[in-house]
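In terms of numbering that gives the first Met the number 0, the sequence shown has 124 at position 125, counting the first letter as 1, and numbering is strictly consecutive.
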Amino acid sequence: MLGKKILNDLSAYKQGMQIEDVKKEFNLERIVKLSSNENPYGYSELVNEIFSKKDFEIYPDGYSYDLRMVMANKLAVDLDNIVFGAGSDELITCICRAFLYDGTNTVMATPTFSQYRHHALIEGANLKEIPTKNGRHQLEEMLQAIDENTKVVWLCTPDNPTGEVINNSELTQFMDKCPKDVVVVLDAAYYEYMNKEDQFDLQHILNNYHNVIVLRTFSKIYGLAGLRIGYGITSKKIAHLLNVVRGPFNTSSISQRAAIAALQDDEFVQNSKKKNAHVLKQFQQFLDTIQWEYYNSQTNFLLVKTPIDADEFSTFLLQNGFIVRSGTALGYPNTVRITIGNEKDMESLQHTILEFHNKLNNEVVE
Ligand SMILES: *Cc1c(COP(=O)(O)O)cnc(C)c1O
């Protein structure tokens, strides 16, 4: 057999539909992509200024010194508390590679972000998947699942695909009870979108729990998904292990410079957060009027419960030029995950949903 045995049971990541595919298939001119939680407001203009430097024949700085300085300063941590990756996705792979192997196990919610499971299986670890309730991690049950072979626990907050958060007291209670030799990954890809009062205190977490790895990214609110850069904040010991595992030049010179530029523009981030909150609220109010339910989200997406099969509803939206993610593939049947786009696109999405809703209700009445 070719390759590790487990690879035969796994599939390559199946991304949402691409804009050009949808245009061709449905003969549409304009597509609104609301399937990958990208920032509809783009990215900071400061990022465009980095492209004048053309030194692409030179390897990037494998230590990301300049970015590391800016980041350490911003987060008030030491330089060696940070690890960079080609997106936080790569860091998830590195964590699995560093801590998981045959005979170990790892605890996670189910459903949740799919990459934890995927890479844990590739490393030969056993999974202990604890079902969510109402889209929320069941932390007590996750704690109880930990045994002497558990190496890593994954907490996704805000969770993808529900958007639900683990609040501060829940998190500290969990951390207080969790054995210190178990690595706890806090995947906070949407951290910047969270309500201030629910954002965990990085300093407190880092100082009190040396077994935590916080994952954050430039892909979501910073709008740099195409450049692939994310980071982990953790104890120096764990950072060292991840540095041993990662590729020597895993982030590109472009992505490092873009990240530095993006970090100079707090106004862009605050604006994105504000506009997202406004449009999210309008969308929720719209769903309330047609009595469609949704999960509590502190992100730039909303998991919406659909009155018919989610694949069927997604196809209807596709035909009307909106790409969303069907919950069927995400473990939440009869839901769709919709990225919060800009105000105009979301208004036109609402029209389309209303049309669908009215048609459905007329059919029921007849
Ligand atoms: C988007 C996302 C990531 C990965 O982001 P990168 O682009 O790889 O940085 C990780 N975790 C969650 C929960 C996400 O939604």
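Backbone N, C-alpha and C fix where the C-beta goes; we use that ideal spot for every residue, glycine too.
Taking the Cα positions, glutamine 281 is about 36 angstroms away from arginine 256. The segment 58 to 65 makes contact with the segment 244 to 262: 3 or more CB pairs, one atom from each, lie closer than 8 angstroms. For isoleucine 18, the three-state secondary structure derived from DSSP is helix. Pairing leucine 90 with threonine 103, the inter-Cα distance amounts to about 19 angstroms. If the five residues before and after lysine 272 are omitted, its C-beta is found closer than 7 angstroms to the C-beta atoms of Glu191, Tyr192, Ile220, all from its own chain and listed in chain order. Listed in chain order, the non-local C-beta contacts of serine 296 below 6 angstroms within the same chain comprise Gly162, local neighbours out to five positions each way being set aside.
Put simply, of Asn166, Leu316, Leu301 the residue whose alpha carbon is nearest the alpha carbon of glutamate 196 is Asn166. Taking 7 angstroms as the cut-off, the beta carbon of glycine 222 is found closer than this to the beta carbon of tyrosine 42. Residue range 64 to 74 is occupied by the alpha helix (DSSP H) that includes tyrosine 64.
Residue pairing of tyrosine 230 in beta bridges, as defined by DSSP: Phe83, Arg215.
For serine 87, the Cβ falls inside the 6 angstroms cut-off from some heavy atom of ligand 1. The three-state reading of DSSP puts valine 184 in strand, counting E and B together. Within 6 angstroms of the C-beta of phenylalanine 112 there is at least one heavy atom belonging to ligand 1.
When the Cα atoms are used, histidine 356 and arginine 336 turn out to be separated by approximately 17 angstroms. Counted as a single uninterrupted DSSP element, the alpha helix (DSSP H) harbouring threonine 314 occupies residues 309 to 318. Residues of the same chain with a CB within less than 7 angstroms of the CB of leucine 316, apart from the 5 flanking positions on each side, are Val323, Thr351 in chain order.
Note on geometry: alpha-carbon atoms of serine 10 and serine 113 lie some 12 angstroms from one another. The nearest non-hydrogen atom of ligand 1 is less than 6 angstroms from the C-beta of alanine 188. With respect to glycine 330, proline 110 sits close: the two C-beta atoms are nearer than 7 angstroms. The C-beta distance from methionine 174 to valine 183 rounds to 7 angstroms, short enough to meet the 8 angstroms contact threshold.
The residues Asp79, Asn80, Ile81, Val82, Gly231, in chain order, have a CB closer than 8 angstroms to that of alanine 238 in the same chain once the five nearest residues on each side in sequence are set aside.
With 16 or more neighbouring CB atoms inside 10 Å of its own CB, arginine 227 falls in the buried class. A direct Cα-Cα distance of roughly 12 angstroms separates proline 247 from cysteine 93. In chain order, Leu201, Ile232 place their CB closer than 7 angstroms to the CB of leucine 74, counting only its own chain and leaving out the 5 sequence neighbours on each side. DSSP, read as helix, strand or coil, puts valine 164 in coil.
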